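The sequence shown begins at 302 in the numbering used here and counts up one residue at a time.
Where is the CB? At the ideal position from N, CA and C, for every residue including glycine.
It should be emphasised that the depicted structure is a prediction, and the values quoted were computed from it without experimental measurement.
Notes follow the structure.
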Amino acid sequence: MIKLAVIYSSSTGNVHRLAEAAATAAEKAGADVRLRKVSDLTKETIVPGNDAWNAAWTEHVAATEHISEASLDDLAWADAVLWGTPGRYGLPSGPLKQFIDTTLPLHSRRGLVNKVMSSFTSTATLHGGQESTLLALNNAFYHWGAIIVPPGVADPIQLAPTNGNPYGVSSVSRNEPGNVDDDNLAAIAYQSRRVVEITTALRKGLEAA
């Protein structure tokens, strides 16, 4: 049984829904799974004057209090990690980047080498920087010596109208909290199963080498 961590950043629930679906699919595929969040915005940095967004953020934070926060132990434990982040100006969110910046102790002892990495995102608009957000995440994976497993266009679900990003599943929220359609959820389930499949094969190969 491979060990898989789903580590994500979410402000109003869109990436959270994708993360939950990824974790569920991985468990069904036979993986031992940890679902972990990184802490998001504080009250001092929520959006001034945007009452609807702020209310959605407050509701989401309360609804996910039971989910443990990600730690370096989760990365050390995992054979594979699925990373989720909202797109922020074509980049991963600040909270997720901050967590990645804490990984030096693990990286310095080669603790992330040959682990499988895959990622997904959500943006407010179509073409809202989804590809560049995921490619930016990949930069960290290269430094770690990790193995990147994208969904590609290797399953029919990737051809659905709201899917198609070969770098990682991407949804469009249109500024609506939790707005993830069924095709997006099916696509992240496929991506998660693919990660489990490739990680299982990789572990067997490395153990036999």
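Asked	Found
CB contact flag (S420, L438, <8 Å)	yes
Start and end residues, alpha helix (DSSP H) containing P406	405–409
Other residues of its chain near V339: CB distance less than 6 Å, five sequence neighbours each side excluded	S310, A371, P396, L397, F400
According to DSSP, residues forming a beta bridge with E370	K338
Cα-Cα separation, T403 to D482	33 Å
Cβ contact (3+ pairs, closer than 8 Å) linking the segment 404–411 and the segment 380–389	no
Other residues of its chain near T313: CB distance less than 6 Å, five sequence neighbours each side excluded	A357, W358, H361, P478
Endpoints, beta strand (DSSP E) assigned at S311	Note, S311: premise wrong, no beta strand (DSSP E); not H, not E.
A425 vs R389 beta-carbon contact at 8 Å	no
For R318, the nearest candidate out of V454, E498, A490 (CA to CA)	A490
Alpha helix (DSSP H) segment containing V417, residue limits	That residue, V417, is in no alpha helix (DSSP H); its beta strand (DSSP E) goes 417–424.
Contact check, A488 vs I458, beta carbons under 8 Å	yes
C-beta contact flag for S471 and Q431 at 8 Å	yes
Classification of A323 by the beta-carbon crowding that lies within 10 angstroms, buried from 16 upward	buried
Alpha carbon of N480 to alpha carbon of A510, nearest angstrom	45 Å
Cβ-Cβ separation, T501 to I303 (assumed contact under 8 Å), whole Å	5 Å
C-alpha distance - A330 paired with F442, whole-angstrom precision	24 Å
Per DSSP, cross-strand counterpart(s) of A381	L305, V417
Which listed residue (N351, M418, N355) has its alpha carbon closest to that of I308	M418
Segment limits, alpha helix (DSSP H) that includes S472	Premise fails: S472 lies in the beta strand (DSSP E), 471–473, not in any alpha helix (DSSP H).
Separation of L460 from D453, as counted between CA atoms	Inspection of the sequence shows that residue 453 is occupied by Gly rather than by Asp. Distance between the alpha carbons of G453 and L460 is about 11 Å.
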